[in-house]
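Everything below concerns the one structure shown next.
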Amino acid sequence: MSHKYEPKVLLYSGGFDSFLLRKRLRESLEPLTLLHFNVGVDYSKREQEQVRNQIYAPNEDLKINDTFRMESEANHYVPLRNIYFFLKAFEHAPKVFVGTTVFDFFRDTNEDILKAVENFMKVYYYNVPKPENWKGFSPEVISPHKDLSKSEALNLCLEENVVTEKEISELISCYAPTTDKGCGKCSACVRKAVALANNDIGIDCFDQDVKPHIEALYKDQLEYMSTFSLFDQWQEEYEKALDK
880 MSHKYEPKVL LYSGGFDSFL LRKRLRESLE PLTLLHFNVG VDYSKREQEQ VRNQIYAPNE
940 DLKINDTFRM ESEANHYVPL RNIYFFLKAF EHAPKVFVGT TVFDFFRDTN EDILKAVENF
1000 MKVYYYNVPK PENWKGFSPE VISPHKDLSK SEALNLCLEE NVVTEKEISE LISCYAPTTD
1060 KGCGKCSACV RKAVALANND IGIDCFDQDV KPHIEALYKD QLEYMSTFSL FDQWQEEYEK
1120 ALDK
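Written out as structure tokens, the structure is:
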């Protein structure tokens, strides 16, 4: 009797967090749908080029959704986008994976939101004339790295040998790319650089010296982050990188 795998889908931007999670998930050799959304913001074109050019395993199925068009805020944040993504992803599978990490304090990816999306989908599927048709279908949003920092998630992937230093250095995770490297000054580049530095990987893979921008982001967010219970862990993460 052949084993029937439960369908899984990963929200896949192709950037740092989702790339690391994808590398771990595909090791199971179970079918995995990678769902990428082109939301039409300034960095979407470069992001989609990277996704299309990556090499995929036989058990990975890349799907690109071009139906959404959203406006980003000045800090490149697209309000509510992940809620739209979650709901759309459930069209593909009952298990939706997302690569959030512990310092991602976006309003649409915190634990309360993930649980609310799960509950909404359960009501949506079970509140039907024949709920028995959905027996065994249990919608779930799964974030395996939610208790890890980016540095810790990268360290885990390196220890498991699912990613190399070269490919993670060359990966573009940037809000304003103009070349085949990250800009080195946006928050996405800075957070990637912190993770690289904390894993003893060189941070010369950007268009400019990223270290001053690590220090600038650290100082800018210091007061804000001090209001969170994870402040000491966050502070250690940045100070360790700055000492490299």
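Heads up: the sequence shown begins at 880 in the working numbering, then just goes up one per residue.
Think of the CB as a built atom: it goes at the ideal place given N, C-alpha and C, for glycine as much as any other residue.
Problem set entry | The alpha helix (DSSP H) enclosing residue 1101, as first and last residue numbers | Position 222 of the sequence shown, counted from the start, is the residue given in the question as residue 1101. Annotation for residue 1101: the continuous alpha helix (DSSP H) segment containing it runs 1090-1104.
Problem set entry | Endpoints, alpha helix (DSSP H) assigned at residue 938 | The residue given as residue 938 occupies position 59 in the sequence shown. Premise fails: residue 938 is in no alpha helix (DSSP H) and is neither H nor E.
Exercise. Taking Cβ to Cβ, would you say residue 914 is nearer than 7 Å to residue 901?
Worked result: Locating residue 914 in the sequence shown gives position 35, where the first residue counts as 1. Locating residue 901 in the sequence shown gives position 22, where the first residue counts as 1. It is not a contact, given that the beta carbons lie outside the stated cut-off.
For this session: Tell me where the alpha helix (DSSP H) around residue 965 begins and ends.
Result: For the purposes of this step, residue 965 is taken as the residue at position 86 of the sequence shown. That run of the alpha helix (DSSP H) goes 960-968.
Exercise. Going straight from the alpha carbon of residue 954 to that of residue 1004, what length do you get?
Worked result: Translated into the one-based positions of the sequence shown, residue 954 becomes position 75. Translated into the one-based positions of the sequence shown, residue 1004 becomes position 125. Low confidence applies to residue 954: its pLDDT is 48, below 50, so where it sits in the model is not reliable, and the reading given next is rough at best. One C-alpha to the other measures close to 36 Å.
Exercise. In whole angstroms, what separates the C-alpha of residue 909 from that of residue 1091?
Worked result: Against the sequence shown, residue 909 aligns to sequence position 30. Against the sequence shown, residue 1091 aligns to sequence position 212. Near 42 Å, if we compare the C-alpha coordinates of residue 1091 and residue 909.
Problem set entry | Classification of residue 1103 by the beta-carbon crowding that lies within 10 angstroms, buried from 16 upward | Within the sequence shown, numbered from 1, the residue matching residue 1103 stands at position 224. Looking at its Cβ environment, which holds fewer than 16 other Cβ atoms inside 10 Å, residue 1103 is exposed.
Exercise. Looking at the structure shown, is residue 954 part of a helix, part of a strand, or coil, going by DSSP?
Worked result: Here the question's residue 954 lines up with position 75 in the sequence shown. Low confidence applies to residue 954: its pLDDT is 48, below 50, so where it sits in the model is not reliable, and the reading given next is rough at best. Of the three classes helix, strand and coil, the one that applies to residue 954 here is coil, per DSSP.
For this session: Within its chain, find whatever has a CB closer than 6 Å to the CB of residue 899; leave out the 5 residues flanking it on each side and keep chain order.
Result: On the sequence shown, position 20 is the one that residue 899 refers to. If we look at residue 899 and ignore the five residues flanking it on each side, its Cβ neighbours are 1032, 1036.
Problem set entry | With 16 other Cβ atoms within 10 Å as the buried cut-off, status of residue 964 | Numbered from 1 along the sequence shown, position 85 holds the residue referred to as residue 964. Result: buried.
For this session: Kindly indicate which three-state DSSP category residue 1051 falls into: helix, strand or coil?
Result: Mapped onto the sequence shown, residue 1051 falls at position 172. DSSP places residue 1051 in coil when its eight states are reduced to three.
For this session: Could you work out which residue in 992, 1074, 897 is closest to residue 1119 when comparing CA atoms only?
Result: Numbered from 1 along the sequence shown, position 240 holds the residue referred to as residue 1119. The option with the nearest alpha carbon to residue 1119 is 1074.
Problem set entry | Option in 1000, 932, 907, 983 with minimal Cα separation from residue 1039 | The residue you call residue 1039 lines up with position 160 of the sequence shown. Among 1000, 932, 907, 983, the Cα nearest to that of residue 1039 is on 907.
Exercise. With burial defined as no fewer than 16 other Cβ atoms inside 10 Å of the residue's Cβ, what is the status of residue 1002: buried or exposed?
Worked result: The residue given as residue 1002 occupies position 123 in the sequence shown. Under this definition residue 1002 is an exposed residue.
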